[in-house]
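S.K.: Quick note on UniProt numbering: the sequence shown kicks off at 1 and runs consecutively. Note that beta-carbon positions come from the ideal geometry of N, C-alpha and C, so glycine has one too. Structure below; questions to follow.
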Amino acid sequence: MKKIRPGNYEYQAESEFLNACYKKGGCRHVSYTCICGSGVNGAILHYGHAGAPNSSPIKDGAVCLFDMGGNYFGYAADITCSFPANGKFTPDQKLIYEAVLSANRAVHKAVKPGVSWVDMHSLANKILLEELKKGGLLQGDVTNMLEAGLGAIFQPHGLGHLMGLDVHDVGGYLAGQPERPTKPGLNKLRTARILKPGMVFTIEPGCYFIEPVRNQSYGWFIHTSDGHYDS
Numbered sequence: 001m002k003k004i005r006p007g008n009y010e011y012q013a014e015s016e017f018l019n020a021c022y023k024k025g026g027c028r029h030v031s032y033t034c035i036c037g038s039g040v041n042g043a044i045l046h047y048g049h050a051g052a053p054n055s056s057p058i059k060d061g062a063v064c065l066f067d068m069g070g071n072y073f074g075y076a077a078d079i080t081c082s083f084p085a086n087g088k089f090t091p092d093q094k095l096i097y098e099a100v101l102s103a104n105r106a107v108h109k110a111v112k113p114g115v116s117w118v119d120m121h122s123l124a125n126k127i128l129l130e131e132l133k134k135g136g137l138l139q140g141d142v143t144n145m146l147e148a149g150l151g152a153i154f155q156p157h158g159l160g161h162l163m164g165l166d167v168h169d170v171g172g173y174l175a176g177q178p179e180r181p182t183k184p185g186l187n188k189l190r191t192a193r194i195l196k197p198g199m200v201f202t203i204e205p206g207c208y209f210i211e212p213v214r215n216q217s218y219g220w221f222i223h224t225s226d227g228h229y230d231s
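Listed below in structure tokens is the structure:
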């Protein structure tokens, strides 16, 4: 974050991370392909692969979404951060960033052994929609929005996943454990388990404005500073 400036390329951010992992952390390998999306690339889930190889220039005014993790003695790490390339959020960027931060903090406060991961995902969606409504981007009753599946429009992935020897570790859907939910949005969850002591989970809510899914917003109005969308 300290070294990236507008005009750098995304792959230069990746190289900074790889160098720091090995030089300072002793991690010879990373846990997965580095994701260094800037601007609209940050809305591409699992960006950074061979078809989208962190190759774009980072523009002034863009928000960077970097998702990377070292691998230490076989154990995976998975860390995501978002920040403005020029060091200053626009009002709209700040609204979205703080909405995601609020969702993250709410889940951190609520998570403990005995809670359902499905409930944690639903909590994150609820906080995101409440914050978007406070910011004037949405109108209507949040409970109705959740029932209509609007949370899945802005967060089209699960809240997080088990992590250990693999970054997306095994054990999400075992025999005798809760089955994968069928409701849209919840069916993206990598597990529906009840949390137990010793489990390691990532908590990574997100809020995306992606054209193909935004246009499925079930009649809810989505307002931006330069106009509004509705489907």
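Taking the continuous beta strand (DSSP E) assigned at D92, which residues delimit it?
M.R.: For D92, there is no enclosing beta strand (DSSP E); the residue is part of the alpha helix (DSSP H) that begins and ends at P91 to A110.
S.K.: Checking the sheet assignment: what are the DSSP bridge partners for H168?
M.R.: Answer is none; H168 lacks a bridge partner.
S.K.: Considering Cα atoms alone, identify which of L18, A43, C64 and G25 is closest to C207.
M.R.: A43
S.K.: Determine which residues share a DSSP beta bridge with L162 and list them.
M.R.: F201
S.K.: Around the Cβ of Q177, are there at least 16 other Cβ atoms within 10 angstroms (buried) or fewer (exposed)?
M.R.: exposed
S.K.: Which of helix, strand or coil does DSSP assign to A76?
M.R.: strand
S.K.: Nearest by alpha-carbon distance to L174: which of K88, F201 and R190 is it?
M.R.: R190
S.K.: Does the beta-carbon of H29 have 16 or more other beta-carbons within 10 angstroms, so that it is buried, or is it exposed?
M.R.: exposed
S.K.: Quick test of your reading: G61 and N54, contact by CB under 8 Å. State the CB separation rounded to the nearest angstrom.
M.R.: No, G61 and N54 are not in contact; Cβ-Cβ is about 19 Å, not under 8 Å.
S.K.: For L146, which of P184, D166, G172 and E179 has the nearest alpha-carbon?
M.R.: P184
S.K.: Between the stretch 162-173 and the stretch 124-143, do at least 3 Cβ pairs fall closer than 8 Å?
M.R.: no
S.K.: Check whether the stretch 87-99 touches the stretch 109-123, counting contact only when three or more Cβ pairs, one atom from each stretch, lie closer than 8 Å.
M.R.: no
S.K.: Grouping DSSP H, G and I as helix and E and B as strand, with all else coil, what is F209?
M.R.: coil
S.K.: In the DSSP assignment, the alpha helix (DSSP H) including C21 goes from what residue to what residue?
M.R.: For C21, the enclosing alpha helix (DSSP H) stretches over residues E10 to G25.
S.K.: If you drop the 5 nearest sequence neighbours on each side, which residues of the same chain put their C-beta closer than 7 Å to that of D78?
M.R.: S31, G69, M163, V167 and T202
S.K.: Rounded to whole angstroms, what's the CA-CA distance from E204 to N187? Just pull it up for me.
M.R.: 17 Å
S.K.: Under a three-way DSSP split, which group does I35 fall into?
M.R.: strand
S.K.: Who are the Cβ neighbours of N8 in its own chain at under 6 Å, not counting the five residues just before and after it?
M.R.: I58
S.K.: Buried or exposed for Q139, please, with buried defined as at least 16 other CB atoms from any protein chain shown within 10 angstroms of its CB.
M.R.: Answer is exposed; the Cβ neighbour count stays below 16.
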